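Keeping their order, the protein sequence lines are chains A and B. Okay, so the first sequence: first residue is 12 according to the numbering used here, each after it adds one. Okay, so the second sequence: first residue is 445 according to the numbering used here, each after it adds one. We put the CB at the ideal spot given by N, CA and C, even for glycine. The structure presented is a predicted model; accordingly, all values stated were derived computationally and were not measured.
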Amino acid sequence: MLVYLIKRILAVIPVMLIVAVIVFLMLRLTPGDPAAIIAGDAATSADIDLIREKLGLERSLIEQFVLWIGNMLGGDFGESFYYKRSVTSMISDRIWPTLALATFTIVIACVVAVPLGTLAAYKQGSWLDRTVMGMSVLGFSVPVFVIGYVLIYVFAVKLDWFPVQGYQPIADGFGGFIYRLILPSSALSVIFIALIARMTRTSVLEVLNEDYIRTARAKGLSETKVMTRHALRNAAVPIVTVIGIAIAVLISGVVVTESVFVIPGLGTLTIDAIQGRDYPTVQGLIMLFSFVYVLINLVIDVIYSLLDPRIRY
Amino acid sequence: MRKFSRRGLLGTAALAITLSLGLGGGTTSAQAESVLRVNMHSDLKIVDPIWTTAYMSRNYGYMVYDTLFGMNSKGEIKMQMVESMEVSDDGKLYDFKLRSGMTFHDGAPVTGDDVVASLTRWGAKDAMGQLLMTFVTDMTGSDGDGFQIKLSKPTGLVVQALGKPSSNVPFIMPASVAATPPGDQITDYTGSGPFVFLEDEWKPGDKAEFAKFEAYKPRSEPNDGLAGGKVVHVDKVVWKVIRDAQTKMNALSKGEIDVIESPSHDLLPLMEADENIKLVDLNPFGNQYTFRPNALHPPFNNPKVLEALLYAFNQEDFVQSTVGSDKYYKLCKAMFICGTPLASEAGFEDKFESNYAKARELIAESGYDGTPVLIMHPTDLAILGNLVPVAKQHMEAIGLNVEMVAMDWQTLVGRRNKRELPADGGWNAFITSWNSVDNASPLSTPMLNAACDKALFGWPCNDKIQELRMEFANEADASKHLAIVEKIQMEASKNPTHIHLGQWYSPAAMGANISGAPVSPVVAFWGYKKDE
């Protein structure tokens, strides 16, 4: 296991290097000139050239790439073209709202979806099963911004139970922190509830026909114990995979939800940076997101072996 | 018993969480503080209003800095930091005295030296400032309240330039800050304006905060736009970034924000019907749509083709396509903005009426050979996106072969600086919008600069227009400016540098409890009162 982990961690290096090359080239090949955007509408070509020089964009691509990689190895991800702040500090400012939203969403999704999926499998073919599956299709199909608007209209505008928008850091009060996350997390969790519930149902259905389930029932275990200790645990590998992917997606930024509910997270930072051609910020963010994906994949693989002793590395 | 205990615990926890949620969500930390929460048209990105011409940086400048002169709601330039101004008989020496008692946010007095340093940095960067500096032989300050500007010859440009309301505005900074080379961004945000920028509270992409500058001494006259007493009635102004138009409206209706600077035109009818929201016209001059041809390449290097466009276009189609309601647009044939002292229709009386017959005649005379016209189409900005298909339709109606290329606005901004042929990554035309005060004078109108390579993207070359602009600058008698403007328009109607496509207005939306917003050519936050 240890050897496997070391190998996987070492494999991160070439992956990140390839990501670095791709993101660097993609940004430079994308049309648009950050210097022209910064200079504003009334700036002359001379003004734009001056800004381009200040930003180091006059250097050759290879020179820019080597400089970026070199600085990054020293822990310096560069400085935003616009805000004159380090990319690291901008990401660290914006990562907490994203983490909060992701955590809350995934908790809601798991708490709702896993029991629902399990019940649907247990009651296969019943009205409950059909309802859960029908709702999950709906959950997949309705765009998150529509769900967001409906929730805002009902619970914020009409009932006045929640604020329309905004994020409150946990340092300003735990109650307000949770209170402001309820609507966005609920909106965002719908698609993940749908996804996880379906996956749970399918996985549990597969194991319900296994011999060890029949054995568990035969030895007199209650249905609750059969479902939780034997069925769900053995069905957990694909469910964990889906949850892991969901976490990665959530941390990589959920732009629409952040925009609709005005949450200053990584999603809106990414979109702003891409629109402004803020190369250092986009590069830093993509490197972070890639690292998160790699890390989560690794964690999922480790969890596999914990859940299923047959899986060995 | 054991089960009951667990349930009891769960119930207690749920109650605790509910109470906590209620308390946490319902309280605010500083209820006594009066905070004006505003959604601006964009995020504040650059906090140096001389380094960039971006409107948000200009708006930031009006919060933090003061100006020597200010434009009022009628477009007149009035003294602001300046207490008095004396001009020598030969018109070559301007002697200024600053108002007494003005200080920077750090408590240091505002001096003539600060003014000279600020004007020097601005004059190196701003187009109108650069023009003014061609007349200036010397600027002298002092550690007191006086400063002088010496000119090589008389010009009417001094007050016009120093009172320029839009980017780049000659904001007055401390001399040590203004010593920053114009090519570098400043890092010290000390000003002497009515608000102090709270740097530590600035969260790019989320919010920017400004506290009332308690030591600010407003002028004694009533406020009028950017002129008069800038009296601040709130403790703090927060610029809150909200990207989604619907969320902005909901947040305003629920009192979570107080002002939307520029609400979406689509939502104005809904806002009009909402008793919690009022719409207020704050900018008397609005904005002006502008068609910009590229003079470097065929067919727009041919004045006949450009003149044909003046006959083919009509402003109503353009403003209708984006603004919709006639409450929010004005058809205006004057290049330099209807409602200003320089408004005139000279040269354009018979234009903008979709006279296709006349336009086709001109196209035939031009010898147009079917060269494709590449017009850049920004699809991500609602306020510009619909204009290009309208232009395409008119251009095709007169026989031009139009290729409309869709792209996002930032791609357009990068591409418009490319001088290559359209087929090699260049362009023939695009449409944009300017704050009207930018286009209210031949000297400030960026796209009227026809200095070939030194002109703005599009690079028009027109010696006559350049001579007339200089004649305007040299003319110290303001009563003669309109005649010069009319000569400029006569030339521009035959050989356009750009085509004005109508004025449009975007009322600010604000809570019903908000009052006192200044009517101003540029958004400003003094005067606002908020009934809690």
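Where does residue i land, buried or exposed, given buried means 16+ other C-beta within 10 angstroms?
i, result
"Val267(A)", "buried"
"Trp138(A)", "exposed"
"Ser697(B)", "buried"
"Gly470(B)", "Interpretation of Gly470(B) is limited by its pLDDT of 40, a score under 50 that renders its predicted location unreliable; the figure taken from the coordinates is listed afterwards. With fewer than 16 Cβ atoms within 10 Å of its Cβ, Gly470(B) is classed as exposed."
"Thr211(A)", "buried"
"Met507(B)", "buried"
"Glu847(B)", "exposed"
"Tyr93(A)", "buried"
"Trp970(B)", "buried"
"Asn883(B)", "buried"
"Glu793(B)", "exposed"
"Tyr755(B)", "buried"
"Leu243(A)", "buried"
"Gln524(B)", "buried"
"Tyr223(A)", "exposed"
Counting contacts by CB-CB distance shorter than 7 angstroms, is residue i in contact with chain A?
i, result
"Gly673(B)", "no"
"Gly627(B)", "yes"
"Asp688(B)", "yes"
"Pro648(B)", "yes"
"Gly698(B)", "According to the sequence displayed, residue 698(B) carries Lys and not Gly. Yes, contact with chain A."
"Gly971(B)", "no"
"Gly814(B)", "no"
"Leu454(B)", "Low local confidence applies: a pLDDT of 38 at Leu454(B) is under 50, so the model's placement there is unreliable, and no value is given."
"Ser611(B)", "yes"
"Thr599(B)", "no"
"Thr766(B)", "no"
"Lys447(B)", "In this predicted model, Lys447(B) has a pLDDT of only 38, less than 50, meaning its place in the structure is not dependable; the value taken from the coordinates is given anyway. No, because no Cβ of chain A sits closer than 7 angstroms to the Cβ of Lys447(B)."
"Gly590(B)", "no"
"Lys489(B)", "yes"
"Thr691(B)", "yes"
"Gly469(B)", "With a pLDDT of only 40 at Gly469(B), under 50, the local geometry of the prediction cannot be trusted, and no value is derived from it."
"Thr584(B)", "no"
"Gln854(B)", "yes"
"Gly955(B)", "no"
Are the C-beta atoms of residue i and some chain B residue less than 7 angstroms apart?
i, result
"Ile80(A)", "no"
"Leu192(A)", "no"
"Gln176(A)", "yes"
"Val34(A)", "no"
"Leu40(A)", "no"
"Leu317(A)", "no"
"Asp283(A)", "yes"
"Gly1(A)", "Because chain A here runs from 12 to 324, residue 1(A) falls outside it and cannot be looked at."
"Val343(A)", "There is no way to answer for residue 343(A), as the model of chain A reaches only from 12 to 324."
"Ala198(A)", "no"
"Gly51(A)", "yes"
"Leu299(A)", "no"
Just list the residues that DSSP pairs residue i with in beta bridges.
i, result
"Leu595(B)", "Val580(B)"
"Gly514(B)", "Lys522(B)"
"Gly955(B)", "Ile721(B)"
"Ser877(B)", "Tyr733(B)"
"Tyr773(B)", "Trp948(B)"
"Asn980(B)", "The structure shown does not extend to residue 980(B), since chain B spans only 445 to 976, so no value can be given for it."
"Lys684(B)", "Lys651(B)"
"Glu538(B)", "Checking the displayed sequence, the identity of residue 538(B) turns out to be Tyr instead of Glu. Bridge partners of Tyr538(B): Val531(B), Ile593(B)."
"Glu74(A)", "In the DSSP output, where bridge partners are listed per residue, Glu74(A) has none listed."
"Ser97(A)", "Glu90(A)"
Exercise for the section: Spell out a yes or no on whether the region 493 to 501 of chain B and the region 590 to 608 of chain B are touching, meaning 3 or more CB-CB pairs, one atom from each, closer than 8 angstroms. Expected result: no
Exercise for the section: Determine contact between the region 883 to 899 of chain B and the region 758 to 765 of chain B, defined as no fewer than three beta-carbon pairs at a distance below 8 angstroms. Expected result: no
Exercise for the section: Mind the definition here: the region 224 to 238 of chain A touches the region 146 to 155 of chain A only if three or more C-beta pairs lie below 8 angstroms; say whether that holds. Expected result: no
Exercise for the section: Assess, as a yes-or-no matter, whether the region 61 to 70 of chain A is touched by the region 18 to 31 of chain A under the definition of 3 or more beta carbon pairs within less than 8 angstroms. Expected result: no
Handout entry: Contained alpha helix (DSSP H) runs [length at least 4] in the region 586 to 666 of chain B, N- to C-terminal order
Key = 601 to 606, 619 to 622
Exercise for the section: Mind the definition here: the region 903 to 922 of chain B touches the region 625 to 641 of chain B only if three or more C-beta pairs lie below 8 angstroms; say whether that holds. Expected result: The count of Cβ pairs closer than 8 angstroms, one atom from the region 903 to 922 of chain B and one from the region 625 to 641 of chain B, stays below three, leaving the stretches out of contact.
Handout entry: Entirely enclosed beta strand (DSSP E) segments - the region 923 to 976 of chain B, minimum 3 residues
Key = 943 to 948, 952 to 955
Practice task
Taking only runs that begin and end inside the region 139 to 187 of chain A, name each unbroken alpha helix (DSSP H) of 4 or more residues, in chain order.
Solution key: 155 to 162
Exercise for the section: Determine, using beta-carbon pairs with one atom in the region 638 to 652 of chain B and one in the region 558 to 567 of chain B, whether at least three such pairs fall under 8 angstroms. Expected result: no
Practice task
Spell out a yes or no on whether the region 665 to 673 of chain B and the region 525 to 540 of chain B are touching, meaning 3 or more CB-CB pairs, one atom from each, closer than 8 angstroms.
Solution key: no
Problem - beta strand (DSSP E) runs contained entirely in the region 770 to 837 of chain B, provided each spans 3 or more residues - result: 817 to 822, all fully within the region 770 to 837 of chain B.
Problem - At least three beta-carbon pairs within less than 8 angstroms, the region 689 to 706 of chain B to the region 806 to 814 of chain B - result: Because the criterion of three Cβ pairs below 8 angstroms is not met, the region 689 to 706 of chain B and the region 806 to 814 of chain B do not touch.
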